[in-house]
Amino acid sequence: MRKSLFARWRSWFITGLVVILPGVVTLAVVKWFFGTVSSFTDLLLFFMPKTTTHADGGQGAIFWYWSLLALCLSALMVTVIGLLARHYASRRIIALADSAMLHVPVLNKIYGTIKQVDAAFSGNKNSFKTVVLVEYPRKGCHTVGFLTSDQDEAMSARMGRKMVCVFIPTTPIPTAGFLLILPADEVTRLEMSVAEGFKYIISLGALTQDNNSPSTPPVIKN
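For the sequence shown, the tail end lands on 319 under the numbering used here, and the numbers increase by one without skipping.
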């Protein structure tokens with residue numbers, strides 16, 4: 098029996114949606130990111146008259162090419178700061194500024210928290226170490242997470258067994274999540290890099306390893 102016109106249209110529409118959705122979502126994310134960053138970097142053009150940088154004689158939105166220039170200037174500034182931070186004198190200045198921020202009431206709580214989150218992603222000893230599999234949120238159900246600490250000494254002493262910290266990100270946007278403190282023997286390490294783990298989570302489990310096509314589930318270490 099031939100499909101009805103509506104059934105064929107629905108099939109075509111779903112196929113088209115699957116084809117264009119990744120591109121549309123990617124462009125939407127890029128636009129959102131550019132707009133968010135621009136709202137901060139545009140401040141670098143304070144020395145320029147708004148009648149030049151903004152539409153409607155300075156009353157409208159900033160022209161996109163001025164926002165792009167501001168973004169390039171901010172990237173240049175960050176690069177210069179990173180270059181200077183490699184020298185001893187600059188590191189001392191940064192350390193003093195860091196210490197000053199940590200001694201300001203209220204601000205020290207916000208600043209300290211942001212520094213800890215930044216450290217978790219910056220590749221130092223507090224960063225994500227490996228991808229793991231844990232039984233959560235119930236027995237028989239598993240989720241992928243990231244090991245952030247091989248041993249939580251305080252919790253281990255209190256619990257009488259080795260405890261580890263695991264960050265469980267949300268899917269498909271892993272910028273938020275929650276922390277689990279679990280016995281080490283209940284955490285299974287996976288043979289995946291952290292980058293592959295993020296790819297696996299963002300793709301809802303469809304992508305893994307070093308390719309962009311559907312693959313087999315991650316290999317579990319014995």
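Glycine residues also receive a C-beta, built at the ideal position from the N, C-alpha and C atoms. Treat the numbers as computed from the prediction; the structure is a model and nothing was measured.
For V241, the closest alpha carbon among the candidates D247, E250, I117, V231 is that of V231. The DSSP-derived three-state label of V284 is strand.
By the criterion of at least three beta-carbon pairs nearer than 8 Å, the segment 162-170 is in contact with the segment 124-142. Residue range 102-138 is occupied by the alpha helix (DSSP H) that includes P119. No residue range can be given for I159, since it is assigned to no alpha helix (DSSP H) and is classified by DSSP as neither H nor E.
Going by beta carbons, L276 and F295 fall outside the 9 Å limit. A contact is defined here as three or more CB-CB pairs under 8 Å, and the segment 143-163 fails this definition with respect to the segment 101-116.
One Cα belongs to F243, the other to T176, and the distance between them is close to 29 Å. For S246, the beta-bridge partners assigned by DSSP are C262.
Counting other Cβ atoms within 10 Å of its Cβ, V121 stays below 16 and is therefore classed as exposed. The beta carbon of R188 lies closer than 8 Å to those of A182 in the same chain, with the five residues before and after it left out. Scanning T267, R235, H200, V229 for the CA closest to the CA of D282 turns up V229. With respect to the C-alpha of Y233, the residue from L279, I178, L180, N205 having the closest C-alpha is L279.
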